[in-house]
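Trainee:
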Amino acid sequence: MTTDIHPDAEEIAEVGEGFLGKTFPPDRFHHREHLIMMAYLLVKYPAHDWRAELPDLIRSYNVAAGGINDETRGYHHTITMAFVTIVETIVARAEHGDLVAACRAVLASPAARQDALLQFWSHELLFSREARRNWVAPDQRAFNVSGVGDDLTTAEREACVRRR
21 MTTDIHPDAE EIAEVGEGFL GKTFPPDRFH HREHLIMMAY LLVKYPAHDW
71 RAELPDLIRS YNVAAGGIND ETRGYHHTIT MAFVTIVETI VARAEHGDLV
121 AACRAVLASP AARQDALLQF WSHELLFSRE ARRNWVAPDQ RAFNVSGVGD
171 DLTTAEREAC VRRR
């Protein structure tokens, strides 16, 4: 398995299907793999409403992996919804249906930085219990996908924000 921004189709499928089957090793499921998983789901299963389905899938994966979803650990709604919006935007710009290109574009973007959202949210707000449970609007500046994803038009950014 690669550890850079150039995953191959085999690694991408391993992460995506491993997440869905709750078999991907939790000690290997870091920020990079979360981004790969999101890109995989968006490209491989485009008809799904991942904003609706992903929260329960992540919670279920966490429990299957021996984790806990509570006030301080496990599923985090604001972070998940923000990254779904970012990854969805980048994937939409990748060559249609090219899963490897989509994943590589996501991993080459500023979204690959674990602190990418801290330009919009303060650490205190982003890691608050409220932000973990529900969508919380940013307190630093408006959530702008072009800051961490692609360079979008105003209309595209507004469409991404509305889809949250």
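Position 111 of the sequence shown, counted from 1, bears residue number 131 in my numbering, the numbering being contiguous throughout.
Where a beta carbon is used, it is the ideal one built from N, C-alpha and C, also for glycine.
Quick caveat: nothing in here was measured; it's all calculated off a predicted structure.
Consult DSSP for Thr-22 and reduce its assignment to one of helix, strand or coil.
Mentor: Here the model assigns Thr-22 a pLDDT of 43, short of 50, so the residue's position is not dependable and the matter cannot be decided.
Trainee: What is the residue span of the alpha helix (DSSP H) that Asn-82 lies within?
Mentor: 70-84
Trainee: On the three-state DSSP scale, how would you describe Gly-36?
Mentor: helix
Trainee: Alpha carbon to alpha carbon, how far is Phe-44 from Ala-33?
Mentor: 11 angstroms
Trainee: Within the continuous alpha helix (DSSP H) that includes Leu-119, where are the two ends?
Mentor: 119-128
Trainee: Apart from the five residues on each side of it in sequence, which residues of its chain come closer than 7 angstroms, Cβ to Cβ, to Gln-160?
Mentor: Gln-139, Phe-140, Trp-141, Ser-142
Trainee: Going straight from the alpha carbon of Leu-62 to that of Asp-76, what length do you get?
Mentor: The alpha-carbon separation between Leu-62 and Asp-76 amounts to approximately 16 angstroms.
Trainee: How many whole angstroms separate the CB atoms of Lys-42 and Tyr-95, which I take to be in contact at a CB cut-off of 8 angstroms?
Mentor: Going by Cβ atoms, the distance from Lys-42 to Tyr-95 rounds to 14 angstroms, so no, they are not a contact pair.
Trainee: So, with DSSP's three-state summary, where would you put Lys-42?
Mentor: coil
Trainee: Going by C-alpha to C-alpha distance, which of Val-107, Glu-53, Gly-36, Asp-47 sits closest to Asp-24?
Mentor: The shortest Cα separation from Asp-24 among Val-107, Glu-53, Gly-36, Asp-47 belongs to Glu-53.
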